[in-house]
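Here the structure comes first, spelled out in structure tokens, and everything after it is commentary.
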Amino acid sequence: MRRFLRPGHDPVRERLKRDLFQFNKTVEHGFPHQPSALGYSPFLRLMAIGTRSGAIKLYGAPGVEFMGLHEENNTVMQIHFIPDQCQLVTLLDDNSLHLWSLKQHGGASELLEEHRFTLKGPPGSPPSATQVTAVLPHSSREVLYLGTESGNIFVVELPSFRVLEDRTITPEAVLQRIPEDNCNRRSCELVEALQEHPKNPDQILIGYSRGLIVLWDLQNNKATHHFLGSQQLENLYWQRDGSKFISCHYDGSYTQWPVSSDNRQPEPLENTVPYGPFPCKAISKIYWQTTKNGLPYIIFQGGMPRASYGDRHSISVIHGSQQTAFDFTSRVIDFFIIFSSDPAAEFDDPSALVVLAEEELVVIDLKSAGWPAVHPPYLASLHCSAITCSHHVSNIPLKLWERIISAGSKQNIHYSSMPWPIDGGTNIAPDPPQRDLLLTGHEDGTVRFWDASGVCLHLLYKLSTVRVFLTDADPNDNMNTLGEDEWPPLRKVGTFDPYSDDPRLGIQKIYLCKYSGYLAVAGTAGQVLVMELNDEDAEHVVDHAEADLLQDQEGYRWKGHEKLKTRDGPVRFEAGFQPFVLVQCQPPAVVTSLALHSEWKLVAFGTSHGFGLFDHQQKRLVFVKCTLHPSDQLALEGPLSRVKSLKKSLRQSFRRIRRSRVSSRKRRGGGGNASEVQEANAKFDQDALQEMELAPVQRKIEARSAEDSFTGFVRTLYFADTFLRDSSRHCPSLWAGTNGGTVYAFCLRVPPAERRMDEPVRAEQAKEIQLMHRAPVVGILVLDGRSTPLPEPLEVAHDLSKSPDMQGSHQLLVVSEEQFKVFTLPKVSSKLKLKLTALEGCRVRKVTVANFGSCKADDYSENDLAVLTNLGDIQIISLPFLKLQIRYPCIRKEDVSGIASCVFTKYGQGFYLISPSEFERFSLSTKWLVEPRCIVDMPEVTSNNHVHNKSGTENAARKS
Amino acid sequence: MNRAQRGAAGSRGLGTMEVKSKFGAEFRRFSLERSKPGKFEEFYGLLQHVHKIPNVDVLVGYTDIHGDLLPINNDDNYHKAVSTANPLLRIFIQRKEDADYSAFGTDTMTRKKNVLSNVLRPDNHKKKPHIVISMPQDFRPVSSIIDVDILPETHRRVRLYKYGTDKPLGFYIRDGSSVRVTPHGLEKVPGIFISRLVPGGLAQSTGLLAVNDEVLEVNGIEVSGKSLDQVTDMMIANSRNLIITVRPANQRNNVVRNSRTSGSSGQSTESSLPSSTPNILGNLLQGEEESDEEDIIIEDSGEPQQIPKAAPTSESIESLSQIELLHESTQNGFLPSSEMNLKHSAGSISMEYEVPEPGRKSLEEDGTIITL
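For the record, the sequence lines run as chains X and G. The first sequence begins at 1 in full-length UniProt numbering and counts up by one. The second sequence begins at 1 in full-length UniProt numbering and counts up by one.
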């Protein structure tokens, strides 16, 4: 056995390995987990999103993406682009500031952290003296103004982050100019907002938390105007011409103030509580956008009546008589408006509202009537219903691709036709080499089809299986049924909906045949649906069949969930994949494996009780096989399937993580009594340690036996045309592998095409292999005479693959969680094995055959096994000799959900979930690499010394 | 009949050696050429000849210089016996049927009298009813201490034979820390320890593993740097033939290295068995190594040639019943044929058992016996 440990020292092979394999994590798809800050540069037309884990991601035109990570992994609180620069500043919750730059390197732009800085107060001052609350990058691009909790405004030089102490604006200096009867020292505590005058860069507006607003002249170092607000201030916004500004307040009101040279202490022009008169929640951010027709767009976050709608996450848009309160599915982190950035333009003329909510990005088209949403080309919320499984199909034929897109476009009619407004940068990555589909199954019974060819994971089409079933929720229940006269005028936007009506609808397995357009999906309650792609709407009856997987067993009672009730009569299906047959497994346990053979028109499915084969052409059950061990009560009675308990434990661990994060945040916030907290922590650690010593974790060492639970659980199903019985004649066969290490092989007789409807498909068991080590079988594969894996159904018929070699002898590869074994066929005798677990203590979680091409020689490629282990390592194992080629650490071994979600492609790439909403894409191949490659050029700055068009978004401090 | 031989022996020629052979109550004396003792087979034949018991299966033993009664059953121990005999080679012959195995073994110095009297006076022997146990090769080993010659004395490499027993392996492991000597002085390093033995389990019944023993290797692979879960998986993956190297918590029972000892049957740590036992075990292990991973393959369609080759598959379904009959016969002939397999199992890497589906359960049970 030790021969496997010895690394191969064949120099030729070693060189070839370098040409074939290479590990890269290339791009993160989906929506960032726990976003915490948003920034936008109208100059670069780039958007930046910061997260609670310290990541910062920049997005522009589709394909233009950058990512950076703060070393501290602290929450990003604010993001500010430096005006007219490829630079941005981030503020973290540890009060550190970071300067990031987009630099060109090797023909593409890169995001790099250049400097970091933490404001230091004089010795002995409290930490609040330097706690940054507001950041203003000045349009001169030379300094940053930092408002703090103490009311001081520090001036910091860029890019060196040197504090210019003589220019600090202290509360004392501000108060000098203000009549004392109106103000006291406390009025100048905590700087809430800092805004530069849109026309005069020498003036900045300072808003203090208690309501005092001061216009400060930087040249003369004095306050020129002061405005006495009576309410706690939330934010400020300059109107475009600089003649007025708006303040918004904690009580849900906003106030318009005039700025004129004669009046040094003006009175408010207008004070409104938009959703009054009852007490309202704070308006945390406001925009006042001018238009040609004179009617402004007033856009603000919050302000809902506290009692009735205090729990809504809303942003209101008011334009003349039109008013809509967009009601988001999750907390609004921040938002910005895209408007005319031409400094010469007279009006703002807003075109789009971009809202970052906690779980999704929503863009509203403000130009089109009815303010429809814009379909984002990236940042898709993968988790709008929890992902339950995924399936990847490489190299989709153009025809199918177009049909799926057309089906999807019919679903997207309610979206705006506006081109994507955030379009900075240029994507210079080569076109994706092929069309790839990633299918995700969701808890709510939907399957989403994603374009996974390139950097932007883009939703093409959404399929719902719910229509086939009768569920408690009425599918026609529309959330937007509010009448015209409803007040407030709420309108639901966004797709995030984590609450499943019925967990039984959850999709567990997906199999798509890319040549025929047949799709099989299977779910939690033992439902297996076979579908066909139809370009038109259709109304038809879905045929039903039951597969009793316990048929020869007696006296068992299923205590798990019931099967889903089906709709009687014809059902209307929209264009796209339409189910035509439903096979219901009995008992209705979760479907654990699925295989579809589109040429033979057969679908095989397995649960913890057994497996069955269904002829979807004749709509007839061919056979069922019970794999249940008679003593396996657990599997029999359900519903404690392993999948479910895993999910439960996952959920618990997520909760635990969340809790620990929250508590650590709280701890940080505590500030004052840090030593106390530390002490408590130390005590906790000690207690935990003691507890550990008292009851150490121990593991039982026991050989697996036939009596273990869930040995009958069908893990894998595989169709193959091979030599099952004798070496002279091959025949269709179905292979099934169980959790108990058993492999069943059935010989199939499929009538020829012309008699396909007349004769039944027949099956008989031909072989049964019991692996002595009894580990779960996770993969079965037949290699042809050239040791190449058999092609997929219809692949040869479409001239996309060489026909398999039926002359030489075939081999069977059985992959269990512990071992890889090659057997001869038709006489099954062991030929080769690799005992992975015995050698390394890791277990196989996922395995796929992948084709690797050489980056040096175009004509060389080989098939290998890509294997993900329970330790999160990826190993490449050669075929057919089962030699370990290379190993890469990929996923943390504690990240169980990441490991469980991993899916490999056929060309050495893969995806796994790094959070409920994000897929990490990785590549094992030197040849197939999909990664962002883009350039951000400095747009021409028209003239240097002119009035800078300042967009409020750059300066707007994040409020929440 | 012996006069001449005796005389020859008495002459004490350098090249000859006197042999005194006892079978039942009869003695025979003859001489052998010390330099050319020949093969054990020939010697065995000679003994049968001189005692006139040509067709009786016997066990041959001799007393060595310490007075221990040791078996002669192959060339090696025969030559050993010849070379160490001084001046007389005492041979004891027993019928195989009523052999007294307990007479063999070490420590006979102390019970020499008894041994000899037992052997010499069968009537005395009858008074004490002895449990008759068979020779070592007739046992199925459950555990052994191996590689004593290459391991440090503080370590112990234990092999547990799980196959064929209904006993669970029966132990638990845990994380812990141990102290290592490193270039930087003593350092605490994480380690894996045995945390519990299940009463009645294999691990406990061998007496070779104990709670708090530190696990150093599993089947030759070091566990340092591996997590508890990894080590658990490795042990379970190797459970059919588990070799654990431990540093026993109790270092007082270590095997004292003996120049001749290369292994032990391991009934207890204190005992070490010189003699031919290790060889026998070694041979056994070889065979088991090959068979420990034998997967069971059930062919439901019988012998390949029984499938009509050119006929369409539908016919082969109709002929199922016919094949079923053929299975019956295969099943009947099953045990003997596999026993035959066993004899050369060391050579054949894989065995195929061809049995119909219903026979599966019993097959598994038989299978485990067969693999021995």
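Just so it is clear, CB atoms sit at the ideal spot from N, CA and C, and this is done for glycine as well. Because the structure is a prediction, the values reported are computed rather than measured.
Option in G50/X, L628/X, Y912/X, T869/X with minimal Cα separation from L439/X: Y912/X
By how many angstroms is the C-alpha of R177/X removed from the C-alpha of A223/X? 6 Å
Run the CB neighbour count on E153/G, radius 10 Å, all protein chains shown included, and call it buried at 16 or more, exposed below. exposed
Hey, does Q698/X have any beta-carbon neighbour from chain G nearer than 8 Å? yes
Going by C-alpha to C-alpha distance, which of Q219/X, I283/X, E267/X sits closest to C248/X? I283/X
On the criterion of 16 or more Cβ atoms from any shown chain inside 10 Å, does W257/X qualify as buried, or is it exposed? buried
From the DSSP output, in three-state form, read off Y287/X for me. strand
DSSP three-state label for S917/X, please. coil
Does the region 379–390 of chain X come close enough to the region 438–453 of chain X to have 3 or more Cβ pairs within less than 8 Å? yes
Shorter than 8 Å from the beta carbon of P168/G to some beta carbon of chain X? yes
Assumed close pair A604/X, L781/X - CB separation to whole angstroms, cut-off 8 Å: Going by Cβ atoms, the distance from A604/X to L781/X rounds to 15 Å, so no, they are not a contact pair.
Would S21/G pass as a contact of L47/G if the rule is Cβ separation under 8 Å? yes
P421/X versus M47/X: straight-line alpha-carbon distance, rounded: 11 Å
8 Å Cβ cutoff, E702/X in contact with chain G: yes
Using beta-carbon positions only, say whether V622/X and V761/X come within less than 8 Å of one another. yes
For the region 824–857 of chain X, enumerate the residues whose C-beta is nearer than 9 Å to any C-beta of chain G, in chain order. P826, K827, V828, S829, S830, K831, K833, K835, L836, T837, A838, L839, E840, G841, C842, R843
What does K226/G reach in chain X if we use C-beta pairs closer than 7 Å? G841
In chain G, what lies closer than 9 Å to E818/X by C-beta? D233, I236, A237
Beta bridge counterpart(s) of Q131/X as assigned by DSSP: Answer is none; Q131/X lacks a bridge partner.
Euclidean distance between Cα positions of Q434/X and I213/X: 58 Å
Provide the residue(s) that pair with S787/X in DSSP beta bridges, ordered along the chain. DSSP, once it has assigned bridges, lists no residue as partnering S787/X.
Starting from the Cα of F154/X, find the closest Cα among T133/X, R141/X, S139/X and give me that residue. T133/X
Within the continuous alpha helix (DSSP H) that includes E42/G, where are the two ends? 40–51
Where do the N-terminal and C-terminal ends of the alpha helix (DSSP H) with M235/G fall, by residue? 228–237
Is P11/X helix, strand or coil when you go by DSSP? helix
Compare the beta carbon distance of D327/X and S308/X with 8 Å and say whether it is the shorter of the two. no
Is the region 812–822 of chain X in contact with the region 838–847 of chain X, if contact means three or more CB pairs nearer than 8 Å? yes
Based on Cα-Cα distance, which residue from A325/X, F852/X, R264/X lies nearest to K492/X? A325/X
Between L361/X and A352/X, how many whole angstroms is the CB-CB distance? I'm expecting something under 8 Å. About 12 Å; that fails the 8 Å criterion.
Excluding the 5 residues preceding and the 5 following G191/G in the sequence, name in chain order all residues of the same chain whose CB lies nearer than 7 Å to its CB. G176, S177, S178, E214
Interface partners of F171/G on chain X, CB under 7 Å: I701
For F161/X, which option in V590/X, P137/X, W928/X has the closest C-alpha, if you only look at C-alpha atoms? P137/X
Let me check one thing: in DSSP terms, what residues is W257/X bridge-paired to? F245/X
Around the Cβ of G229/X, are there at least 16 other Cβ atoms within 10 angstroms (buried) or fewer (exposed)? buried
Pull the bridge partners of V778/X from the DSSP assignment, please. Answer by DSSP bridge pairing: none, since V778/X is not bridged.
Quick check on this structure: which residue in E546/X, A345/X, L564/X, A575/X has the alpha carbon closest to the alpha carbon of C585/X? E546/X
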